[in-house]
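*Asks:* Please find one structure pasted underneath; my questions will follow.
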Amino acid sequence: MALAGRSQPPPEPRLSMRIVVFGTECTGKTTLARALAHRLGCPWSAEYVRTFWHQVGGDIRAEHLFRIAAGQLEVMAQAQAQAQAQAQAQAQTSVHSRRLVIHDTDLLSHQLWVDLLFPGAGLDWVREAAERQARGCAHYLLCDIDVAWQADAQRSFPDGPRRRRVHEYFSQALEQRGLAYTRLSGPLDARLDQALEVIASMTPAS
35 MALAGRSQPP PEPRLSMRIV VFGTECTGKT TLARALAHRL GCPWSAEYVR
85 TFWHQVGGDI RAEHLFRIAA GQLEVMAQAQ AQAQAQAQAQ AQTSVHSRRL
135 VIHDTDLLSH QLWVDLLFPG AGLDWVREAA ERQARGCAHY LLCDIDVAWQ
185 ADAQRSFPDG PRRRRVHEYF SQALEQRGLA YTRLSGPLDA RLDQALEVIA
235 SMTPAS
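Whatever position you read off the sequence shown (first residue = 1), add 34 for the working numbering.
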């Protein structure tokens with residue numbers, strides 16, 4: 035992946051109807067994002083940090099934060115470019131013509147984790163880009179923590195009280211910014227139904 039210099043942020047994703055699956059670790063975000071994209075027939079982007087975590091053998095450091103942020107922007111841009119191409123090919127009034135795209139987390143999520151795990155190490159352009167990107171998001175789907183914890187070397191907060199605090203940290207980030215969001219709870223099927231209902235209310239009928 036080609037990276038811009040540290041003084042020049044990578045280009046931000048092109049505008050589309052962006053739905054972000056959001057929340058703390060081990061809440062089924064990736065599974066839900068993939069399921070939504072499959073049901074809606076639209077592109078989606080995976081969380082880049084997991085790919086990077088494997089690339090560096092789990093040894094993520096503060097000096098990696100630029101590369102992670104740039105990678106997150108790139109995978110989101112790729113999904114949005116796919117959505118735009120899909121809309122142009124179909125050329126009809128539907129969710130596709132609005133360039134619907136699902137994101138498994140976004141730059142705001144990245145910044146929240148940076149502030150939590152690497153306090154003081156965040157980059158100004160990332161913080162600014164995260165705020166702009168969040169304001170341009172159509173809706174956030176906040177995944178609750180009412181799912182069983184699954185051990186994973188990348189995950190940091192397995193115990194109940196700390197997991198709850200981090201979940202509230204993510205929830206408050208949306209509240210404080212006045213961002214539109216829906217809290218999803220229950221098993222995957224229930225979350226999927228809730229999410230589809232929210233998205234259907236935001237898109238014109240086919």
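Heads up, the beta-carbon is just placed ideally off N, CA and C, and yes, glycines get one too.
Which of helix, strand or coil does DSSP assign to F152?
*Replies:* Start at 1 with the first residue of the sequence shown, and residue 152 comes out as number 118. Coil, per DSSP.
*Asks:* Looking only at C-alpha atoms, which of A96, C177, C76, D149 sits nearest to P221?
*Replies:* By 1-based counting over the sequence shown, the position of residue 221 is 187. It is C177 whose Cα lies nearest to the Cα of P221.
*Asks:* So, are the CB atoms of A271 and P77 less than 8 Å apart?
*Replies:* Absent from the structure is residue 271, since the part of the chain shown begins at 35 and ends at 240.
*Asks:* So what does C177 bridge to, in DSSP terms?
*Replies:* Counting from 1 along the sequence shown, the entry for residue 177 is found at position 143. BP columns for C177 point to L218.
*Asks:* Out of V200, T237, R166, R198, state which residue places its alpha-carbon closest to the alpha-carbon of G212.
*Replies:* Position 178 of the sequence shown, counting from 1, holds the residue named residue 212. For G212, the nearest C-alpha among the options comes from R166.
*Asks:* Beta-carbon separation of A172 and I53 under 8 Å?
*Replies:* In the sequence shown, the residue the question calls residue 172 occupies position 138. In the sequence shown, the residue the question calls residue 53 occupies position 19. Contact flag set, yes.
*Asks:* Going by the beta-carbon positions, is the gap between A163 and L99 smaller than 8 Å?
*Replies:* What you label residue 163 is simply residue 129 of the sequence shown in a count that begins at 1. What you label residue 99 is simply residue 65 of the sequence shown in a count that begins at 1. The answer is no: Cβ separation not under 8 Å.
*Asks:* With DSSP run on the structure shown, which of helix, strand or coil describes A38?
*Replies:* Here the question's residue 38 lines up with position 4 in the sequence shown. The predicted model places A38 with a pLDDT of 40, which falls under 50 and marks its position as unreliable, so this point remains unresolved.
*Asks:* Could you check which residue in L142, V55, Q210, F204 has the C-alpha nearest to that of A71?
*Replies:* For the purposes of this step, residue 71 is identified with residue 37 of the sequence shown, where counting begins at 1. Here the closest residue by C-alpha is V55.
*Asks:* So the beta strand (DSSP E) R133 belongs to, where does it begin and stop?
*Replies:* Numbered from 1 along the sequence shown, position 99 holds the residue referred to as residue 133. First-last for R133: undefined, no H or E at that position.
*Asks:* DSSP state of S79, grouped into three classes?
*Replies:* The sequence position of residue 79 within the sequence shown is 45, counting from 1. Residue state, collapsed to three classes: strand.
*Asks:* Can you name the residues that DSSP bridges to F56?
*Replies:* Your numbering for residue 56 matches position 22 in the sequence shown. Bridge partners of F56: L176.
*Asks:* Keeping to the same chain, check which residues put their C-beta closer than 7 Å to that of V148; ignore five residues upstream and five downstream.
*Replies:* For the purposes of this step, residue 148 is identified with residue 114 of the sequence shown, where counting begins at 1. Counting only Cβ-Cβ distances below 7 Å, and skipping sequence neighbours, we find L99, A155, G156.
*Asks:* Can you confirm whether the stretch 195-204 touches the stretch 75-89 when touching is taken to mean that 3 or more C-beta pairs between the two stretches lie within less than 8 Å?
*Replies:* Touching, no, given that fewer than three Cβ pairs across the two stretches are closer than 8 Å.
*Asks:* What span of residues does the alpha helix (DSSP H) with W159 cover, start to end?
*Replies:* Start at 1 with the first residue of the sequence shown, and residue 159 comes out as number 125. Start and end: 158-169.
*Asks:* Here's the rule I'm using: 16 or more other beta-carbon atoms within 10 Å means buried, otherwise exposed. How should M35 be labelled?
*Replies:* Residue numbering aside, residue 35 sits at position 1 when the sequence shown is read from its first letter. In this prediction, M35 scores a pLDDT of 38, lower than 50, which makes its location untrustworthy; no coordinate-derived value is stated.
*Asks:* Closer than 6 Å by C-beta to Y82: which residues in its own chain qualify, once you throw out the five before and the five after it? Chain order, please.
*Replies:* Start at 1 with the first residue of the sequence shown, and residue 82 comes out as number 48. Correct list, in chain order: G105, Q106, V109.
*Asks:* Let's test the definition: count the other Cβ atoms within 10 Å of the Cβ of V135 and tell me whether it reaches 16, buried, or not, exposed.
*Replies:* Within the sequence shown, residue 135 is the residue found at index 101, counting from 1. The residue is buried, with at least 16 neighbouring Cβ atoms inside 10 Å.
*Asks:* Do A67 and D158 come within 8 Å of each other at the CB atom, strictly closer than that value?
*Replies:* Counted from its first residue, the sequence shown places residue 158 at position 124. Counted from its first residue, the sequence shown places residue 67 at position 33. For D158 and A67, no; Cβs fall outside 8 Å.
*Asks:* Quick one: give me the first and last residue of the alpha helix (DSSP H) that H72 is part of.
*Replies:* Position 38 of the sequence shown, counted from the start, is the residue given in the question as residue 72. First-last of the alpha helix (DSSP H) with H72: 63-74.
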